[in-house]
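Peer 1:
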Amino acid sequence: MAQRPPFTNGEFYHIYNRGVEKRKIFLDKKDYFRFLHDLFEFNDADETLNLNYYYYGSPTTIVERRPRKLLVDVLAFALMPNHYHLLLRQRRENGISKFLQKLAGGYTRYFNEKRERSGVLFQGKFKAKHINDDRYLRHLLLYLHTNPVDIFQKNWKRAGITHAARALRFLERYRWSSYPDYLGIKNFPSVINLELVDEFGLPKGKEQQKIMVEWLGAPGQKMQNVFDFTFDH
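Position one of the sequence shown corresponds to residue 146 (the numbering used here), numbered consecutively onward.
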């Protein structure tokens, strides 16, 4: 088993995990919303307060919102029925590990209480790949955002897209990804750091859409550009 890379402040990492035994970790819209909420709420070096509100919908005490001490910057995400992808930049020492520990623990507790189950939900510890090149960063961003196409058309990476225009519309309407926000469609803008996206000159809007069309048109060729930074092998 490949070892996880050491996490360094200011560096980018592709994070991945899936449900134990490949089970679904999102069973309804509320699950997706909860996980996205956790991406925001648990991205804090301080202890997360007022959790009864997040578990049950009503706080036991009212806690005034204070500024978060961010552990990571979230640049992109893609949530699939049985797994998730994140593109993160570490901000604090051990920030990625702390963030993902809080995320997995909090979401698992929510999921288990809601479904009256016990035990682990995710398949072991998360996987991570260090992104050490701007070109790979840009390719990986497209890779993450095209993941939901698997729902639209199975095996598209090998066989190619049958209906590219329809696939593109599907991605634009797929709420559980940061792709709509990159197009300027307000989806979950508080979860990702769009200022950092601009700082690194990552494509947005029509430029992002144009590049996405090119990617969907030649998935096999494009996948070779990110092979070492994904978990498809």
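Don't be surprised by glycine CBs; every beta carbon is placed ideally from N, CA and C. Bear in mind that the values here come from a model prediction, so they are computed numbers and not experimental data.
Counting C-beta neighbours from all protein chains within 10 Å, is the total for ARG260 16 or more, i.e. buried, or is it exposed?
Peer 2: For this step, residue 260 is matched to residue 115 along the sequence shown. When all chains shown are included, ARG260 counts as exposed.
Peer 1: Straight-line CA distance for GLY155 to GLN298?
Peer 2: Counting from 1 along the sequence shown, the entry for residue 155 is found at position 10. Counting from 1 along the sequence shown, the entry for residue 298 is found at position 153. Distance between the alpha carbons of GLY155 and GLN298: 36 Å.
Peer 1: What does the Cβ neighbour count give for PHE157, buried or exposed, with the cut at 16 atoms within 10 Å?
Peer 2: Mapped onto the sequence shown, residue 157 falls at position 12. Buried, by the Cβ-count rule.
Peer 1: To the nearest angstrom, report how far apart GLN186 and SER322 are at their CA atoms.
Peer 2: Here the question's residue 186 lines up with position 41 in the sequence shown. Here the question's residue 322 lines up with position 177 in the sequence shown. Per the sequence shown, the amino acid found at residue 186 is Glu instead of Gln. GLU186 and SER322: Cα-Cα distance of roughly 17 Å.
Peer 1: Excluding sequence positions up to five away, which residues of its chain have a Cβ less than 8 Å from the Cβ of THR291?
Peer 2: Here residue 291 refers to the residue found at position 146 when the sequence shown is read from its first residue. The answer, listed in chain order, is LEU316, MET357, TRP360, LEU361, PRO364.
Peer 1: Buried or exposed for ILE207, please, with buried defined as at least 16 other CB atoms from any protein chain shown within 10 angstroms of its CB.
Peer 2: Your numbering for residue 207 matches position 62 in the sequence shown. In this prediction, ILE207 has a pLDDT of 44, which is less than 50 and means its spatial position is unreliable; nothing more can be read from the coordinates.
Peer 1: Report buried or exposed for PHE345, applying the criterion of at least 16 other Cβ atoms within 10 angstroms of its Cβ.
Peer 2: Residue 345 sits at position 200 when you count from the first residue of the sequence shown. Exposed is the call here.
Peer 1: Using alpha carbons as the reference points, say which of ARG163, HIS275, ASN338, ASN300 lies closest to GLY269.
Peer 2: On the sequence shown, residue 269 is found 124 positions in, with the first residue counted as 1. Of ARG163, HIS275, ASN338, ASN300, the residue nearest in Cα terms is ARG163.
Peer 1: Secondary structure at ARG163, three-state DSSP: helix, strand or coil?
Peer 2: Walking along the sequence shown from the start, residue 163 turns up at place 18. Of the three classes helix, strand and coil, the one that applies to ARG163 here is strand, per DSSP.
Peer 1: Helix, strand or coil for TYR158? Go by DSSP, reduced to three states.
Peer 2: For the purposes of this step, residue 158 is identified with residue 13 of the sequence shown, where counting begins at 1. Strand, per DSSP.
Peer 1: What does PHE244 pair with, by DSSP beta-bridge criteria?
Peer 2: Taking the sequence shown and counting its residues from 1, one reaches residue 244 at position 99. Per DSSP, none; premise fails for PHE244.
Peer 1: From the DSSP secondary-structure annotation, give me the bridge partner or partners of GLN235.
Peer 2: Position 90 of the sequence shown, counting from 1, holds the residue named residue 235. According to DSSP, which records beta bridges pairwise, GLN235 is partnered with VAL217.
Peer 1: Under a three-way DSSP split, which group does LEU316 fall into?
Peer 2: The residue you call residue 316 lines up with position 171 of the sequence shown. The answer is helix: DSSP assigns LEU316 an H, G or I state.
Peer 1: Run through the DSSP bridge pairs and tell me what LYS272 is partnered with.
Peer 2: Stepping through the sequence shown from its first residue, residue 272 is reached at position 127. Answer is TYR161.
Peer 1: With DSSP as the reference, please indicate the residues paired to MET225 in a beta bridge.
Peer 2: Position 80 of the sequence shown, counting from 1, holds the residue named residue 225. For MET225, which the question treats as bridged, DSSP gives the partners HIS228.
Peer 1: Hey, quick one: how far does the alpha helix (DSSP H) through LYS169 stretch, first residue to last?
Peer 2: As a first step, residue 169 must be located in the sequence shown, where it is residue number 24. Where LYS169 is concerned, there is no enclosing alpha helix (DSSP H), given that its DSSP letter is neither H nor E.
Peer 1: For PHE256, does the three-state DSSP call read helix, strand or coil?
Peer 2: By one-based count along the sequence shown, residue 256 stands at place 111. Here PHE256 sits in helix by DSSP.
Peer 1: For GLN235 and PHE152, I'd like the C-alpha separation in whole angstroms.
Peer 2: On the sequence shown, residue 235 is found 90 positions in, with the first residue counted as 1. On the sequence shown, residue 152 is found 7 positions in, with the first residue counted as 1. In a straight line, the C-alpha of GLN235 is about 7 Å away from that of PHE152.
Peer 1: I'd like to confirm the pairing. Which residues does DSSP put opposite PHE180 in its beta bridges?
Peer 2: The count along the sequence shown starts at 1 and reaches residue 180 at position 35. None, per the DSSP bridge assignment.
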